[in-house]
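Going by the numbering used here, the first residue of the sequence shown is number 3, and it counts up by one from there.
Just so you know, even glycine gets a beta-carbon here, dropped at the ideal spot from N, CA and C.
For reference, the structure discussed in these notes is given below.
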Amino acid sequence: MVSVVSVEAQVVEAIVEAIDRMAGENRCVHATQLMQAKAPGSFAQQEPQLAGLVGPGRSLGRLKDICNRSERLRYDHEKSMVWVVDGSLRRKKKNGKVPETDAVRPSTSLRDVAPETEVDMYETFFGEDVASVEERHRAPLGGERWYEATSGDAGYLGRLIESVPDDDKHVFLNTSEPFCLVVTGVQGAGKSHTMMCVLENCLLRCELPEERPVVRLAREMTGLVVRYDTCETSVCEATALRESAILPSGCKVVVLVSPSFYSQRRKFYEGMGAEVFPLLFRWASLDARQLKILMRISESDAQQEQQQLYVSAMLDKLRGYQRRAKIPDFEGFLEEIESEFEGRNGPLKQQIALLESIVAESEINQDLRDKQRDLSRVVEAGALVVADLADPVLSALEANAIFRVLFSQFRALRLPFGKVVAFDEAHKYLDGKTSGLAADILDAVRLMRHEGIRVLVSTQSPFAVPGELLELVSVAVVHRAHSNDSFEYLAAKLPMPDDGFERARQMRDGEALVFATRNHIQGFEHEAVFKVRTRPRLTLDYGASRQNSLS
Numbered sequence: 003m004v005s006v007v008s009v010e011a012q013v014v015e016a017i018v019e020a021i022d023r024m025a026g027e028n029r030c031v032h033a034t035q036l037m038q039a040k041a042p043g044s045f046a047q048q049e050p051q052l053a054g055l056v057g058p059g060r061s062l063g064r065l066k067d068i069c070n071r072s073e074r075l076r077y078d079h080e081k082s083m084v085w086v087v088d089g090s091l092r093r094k095k096k097n098g099k100v101p102e103t104d105a106v107r108p109s110t111s112l113r114d115v116a117p118e119t120e121v122d123m124y125e126t127f128f129g130e131d132v133a134s135v136e137e138r139h140r141a142p143l144g145g146e147r148w149y150e151a152t153s154g155d156a157g158y159l160g161r162l163i164e165s166v167p168d169d170d171k172h173v174f175l176n177t178s179e180p181f182c183l184v185v186t187g188v189q190g191a192g193k194s195h196t197m198m199c200v201l202e203n204c205l206l207r208c209e210l211p212e213e214r215p216v217v218r219l220a221r222e223m224t225g226l227v228v229r230y231d232t233c234e235t236s237v238c239e240a241t242a243l244r245e246s247a248i249l250p251s252g253c254k255v256v257v258l259v260s261p262s263f264y265s266q267r268r269k270f271y272e273g274m275g276a277e278v279f280p281l282l283f284r285w286a287s288l289d290a291r292q293l294k295i296l297m298r299i300s301e302s303d304a305q306q307e308q309q310q311l312y313v314s315a316m317l318d319k320l321r322g323y324q325r326r327a328k329i330p331d332f333e334g335f336l337e338e339i340e341s342e343f344e345g346r347n348g349p350l351k352q353q354i355a356l357l358e359s360i361v362a363e364s365e366i367n368q369d370l371r372d373k374q375r376d377l378s379r380v381v382e383a384g385a386l387v388v389a390d391l392a393d394p395v396l397s398a399l400e401a402n403a404i405f406r407v408l409f410s411q412f413r414a415l416r417l418p419f420g421k422v423v424a425f426d427e428a429h430k431y432l433d434g435k436t437s438g439l440a441a442d443i444l445d446a447v448r449l450m451r452h453e454g455i456r457v458l459v460s461t462q463s464p465f466a467v468p469g470e471l472l473e474l475v476s477v478a479v480v481h482r483a484h485s486n487d488s489f490e491y492l493a494a495k496l497p498m499p500d501d502g503f504e505r506a507r508q509m510r511d512g513e514a515l516v517f518a519t520r521n522h523i524q525g526f527e528h529e530a531v532f533k534v535r536t537r538p539r540l541t542l543d544y545g546a547s548r549q550n551s552l553s
């Protein structure tokens, strides 16, 4: 069997000989000339034997890879020229150009050496390699061959269950690119475990094992997890990311809790070693749109006869604030509202109640004011902010409004590192309609490439996820399902197999049918859906089922 090293050495020698024949003492030719040359020994003839040696890609990509690894060849990225240089001359300029003192100047013939503009034109219109490489780097999922052939951020997601010997065996999530990932499944099937693995892939660098790191990150991202529950003893599983039995440490975790339930939740989470603060907004950090959300005022309310005048007047006032880009201080705002809407104390008190409960400057939050932290103060690379609104007296509609404002502020942050937001147990505060928080999530997904944000949604009920969001997902992970109706809802938007429900019904814990808009998984490139077993966690698991014990 011929070794990879010997094959590559033969290819390099063939390229050197081809350049010497074509360019003589200049020892330099344009890359396209080299690839298109029909002479025996040219790269165009040698290239087929490189399949599997330098990974997927077209001729130009393989040629560049060979040049980068060779002592004898250099690729000039500025002019798309391939040079033969002495093996001792490894010095290059920062822009990748070979110093002219290290090689003989090439011919100045326009045909032999295309000017930069001509090179750019050729690559733009005929360089299919550029599009191929771009697609490879943007695919949401890839196999181990893709992982080893690329150098961007990526994390191990799980093992392919139905692969054959020549196929890839493992699936990696491309975290370099923004994505939208939805996880569904019945309780205990593994959906929270999967979401935590995805968060680990974005927030925790794991360089082990050396031959194939579990998580490859140039720089850790920052994360926001939102969760709502009326059970006062429930815990957000994402807080477990601060503890690891494998890594020296987990990520920093900050928990924001309901102000009216702060004392109880602080004792609950501080016992786990997390920093806990009340979820309060400084009045100056809110704009007119966010006030409208927190007061739960909508144009549809203005159509109701009983509230028509009141709501219309409130909307006019908020628009006035927006035009002037200035809002009075909190006390002034309350006085202005109460005097202007005197006699409408019923609806007014309802509209103001939630606002007062989460504004730091309100009288009822006087004791908590010093404990308040702006989102911008707790967000940092490698840190996770958990907004856990477990509160027995907080309604789902109120939680939805608070999450909308928090999410809006998170999106607005301009950071030198990536962002990921996770909507945990979304069935508790989303209802499948494309309004409110769901509309904001849709907007973020449409703009995720511009905002550099990754969006995760985890739910027991697919019906909670708007169909429009399912149409926009990059990856969908479908764990065990018991309801044919809920599976059919997914299948109406995602290309699930004909026997998908039966397969999903029989899946074990941790197994899932995975859909990706694109993938570079050898053996599965043309498969819309494949079966995966999610990898083990790097951090602790707070979501394990509680069982009766004899001990």
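Check whether residue i and residue j have beta carbons under 9 Å apart
i: I523; j: D170; result: yes
i: R71; j: E150; result: no
i: S476; j: V185; result: no
i: G145; j: R138; result: no
i: P464; j: A440; result: no
i: I339; j: I354; result: yes
i: V387; j: G192; result: no
i: L159; j: R482; result: no
i: C253; j: R244; result: yes
i: A401; j: I295; result: no
i: V620; j: L415; result: The chain is shown from 3 up to 553; residue 620 falls before or after that span and cannot be answered.
i: M450; j: P142; result: no
i: A276; j: T241; result: yes
i: L542; j: A247; result: yes
i: L65; j: V84; result: yes
i: V173; j: V516; result: yes
Per-residue DSSP class, three states only, for residue i
i: T241; result: helix
i: G225; result: strand
i: F529; result: Note that residue 529 is Glu in the sequence shown here, rather than Phe. Note: E529 maps to coil in three-state DSSP.
i: D372; result: helix
i: S523; result: Here the sequence assigns Ile to residue 523, which means Ser is not the residue at that position. Three-state DSSP puts I523 in coil, outside helix and strand.
i: V534; result: strand
i: R76; result: strand
i: Y264; result: helix
i: D318; result: helix
i: V87; result: coil
i: K254; result: strand
i: E234; result: coil
i: L281; result: coil
i: L143; result: strand
i: Y544; result: coil
Nearest neighbour of residue i, chosen from the options [CA to CA]
i: E513; options: L540, A478, E490; result: A478
i: L474; options: Y77, A403, K373, A518; result: A518
i: A220; options: Y230, R207, T232, L226; result: R207
i: A392; options: C199, Y77, V228, C182; result: V228
i: R399; options: V84, R298, D78, H528; result: In the sequence as displayed, the identity of residue 399 is Leu instead of Arg. Ranking the options by Cα distance to L399, first place goes to R298.
i: L258; options: M509, L444, R379, L449; result: R379
i: H452; options: L458, L417, H429; result: L417
i: S236; options: L226, E245, R267, E222; result: R267
i: V447; options: Q462, G157, A466, R413; result: R413
i: H429; options: D231, I21, L396; result: D231
i: L496; options: A530, M509, H172; result: A530
i: K435; options: A466, V217, R140; result: A466
i: Q462; options: C69, D78, G187; result: G187
i: R291; options: G322, Y312, G273; result: G322
i: L396; options: Y431, A383, A240, V31; result: Y431
i: R74; options: C182, A11, H32, A33; result: A11
i: P261; options: R325, K319, L370, Y312; result: L370
i: L281; options: M274, D289, G273, S265; result: S265
i: D331; options: Y312, L293, T177; result: L293
Self-check item: Length-filtered (4 minimum) alpha helix (DSSP H) runs lying within the region 145 to 223
Solution: 146 to 151, 193 to 205
Quiz prompt | Stretch pair the region 359 to 375 + the region 418 to 428: three plus CB contacts closer than 8 Å | solution = no
Exercise. Within the region 361 to 430, note down every full alpha helix (DSSP H) run reaching 4 residues or more, in order along the chain.
Key: 377 to 380, 398 to 414
Quiz prompt | Contiguous beta strand (DSSP E) assignments of at least 3 residues, all confined to the region 454 to 528 | solution = 455 to 461, 477 to 480, 513 to 518
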